[in-house]
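A short write-up of the structure that comes next.
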Amino acid sequence: MTTQYPNLAQMGVQNPQDIIGYTLSHIAPATDVLKIKYQRPKGSLLPVTRSYNIGRAVQTRMIDSGTATTSEIHEISPVLSKAIQELDLIVDAKTSKDELKKHILAEMERVELEFVAEMRALRQLMTKLDH
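The opening position of the sequence shown corresponds to residue 7 in the numbering used here, with each subsequent residue numbered one higher.
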């Protein structure tokens, strides 16, 4: 099965179209927690949020070659990094749709108010003609 969001699918995310946001936190040196927020229909038994614990890649790096001192470096998982890019695409697309919808609704309200005011003015002119 091919998917538009292969990294999210690899993590087990089944309904990317329902995603409305996410948070990423770093709870331990070797663990990241990705919490995905979903828009669910009223009465749905599916969870509104889902958390994923993702291990970080551990690399040993030489700090001082003279004493052969090394240190462990914990880097974000490549799959998580790509999944975040996919989540950004999903969330940004919805955000711009929501912003456009709000703009259109505000414009419709403005036009409606102008129309009502113009109709009121025309009715007043009509009553003047009747007198």
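Glycine included, C-beta positions come from ideal geometry on N, C-alpha and C.
**Asked** By the 10 Å Cβ neighbour count, where 16 or more other Cβ atoms means buried, how is Ile110 classified, buried or exposed?
**Response** Numbered from 1 along the sequence shown, position 104 holds the residue referred to as residue 110. Counting Cβ neighbours within 10 Å, Ile110 comes out exposed, since fewer than 16 surround it.
**Asked** Would DSSP call Ala34 helix, strand or coil?
**Response** Residue mapping note: residue 34 aligns to position 28 of the sequence shown, counting from 1. Ala34: strand per DSSP, three-state reduction.
**Message:** Taking 8 Å as the threshold (C-beta atoms), are Tyr28 and Val85 in contact?
**Reply:** In the sequence shown, the residue the question calls residue 85 occupies position 79. In the sequence shown, the residue the question calls residue 28 occupies position 22. No, the pair does not count as a contact, with Cβ atoms beyond the cut-off.
**Prompt:** Are there three or more Cβ pairs, one per stretch, closer than 8 Å when the stretch 114-130 is compared with the stretch 51-59?
**Reply:** no
**Asked** Three or more beta-carbon pairs under 8 Å between the stretch 43-57 and the stretch 75-82, yes or no?
**Response** no
**Request:** Output the boundary residues of the beta strand (DSSP E) element that contains Ile79.
**Result:** Your numbering for residue 79 matches position 73 in the sequence shown. From DSSP, the beta strand (DSSP E) with Ile79 extends over 75-81.
**Asked** What residue range is occupied by the uninterrupted beta strand (DSSP E) comprising His56?
**Response** If you number the sequence shown from 1, residue 56 lands on position 50. The residue asked about is misnamed: residue 56 is Arg in this sequence, not His. Note, Arg56: beta strand (DSSP E), 55-61.
**Nearest-angstrom beta carbon gap, Ala89 and Val64 [assumed within contact, 8 Å]** = Sequence index remark: in the sequence shown, residue 64 carries index 58 (1-based). Sequence index remark: in the sequence shown, residue 89 carries index 83 (1-based). Actually they are not in contact, since the Cβ atoms of Val64 and Ala89 sit about 19 Å apart, beyond 8 Å.
**Message:** What would DSSP say about Arg46, mapped onto helix, strand or coil?
**Reply:** Numbered from its first residue, the sequence shown carries residue 46 at position 40. In the structure shown, Arg46 adopts coil according to DSSP, grouped into three states.
**Prompt:** Tell me which same chain residues have a C-beta within less than 7 Å of the C-beta of Ile33, skipping the five on either side of it?
**Reply:** Counting from 1 along the sequence shown, the entry for residue 33 is found at position 27. The residues are Val39.
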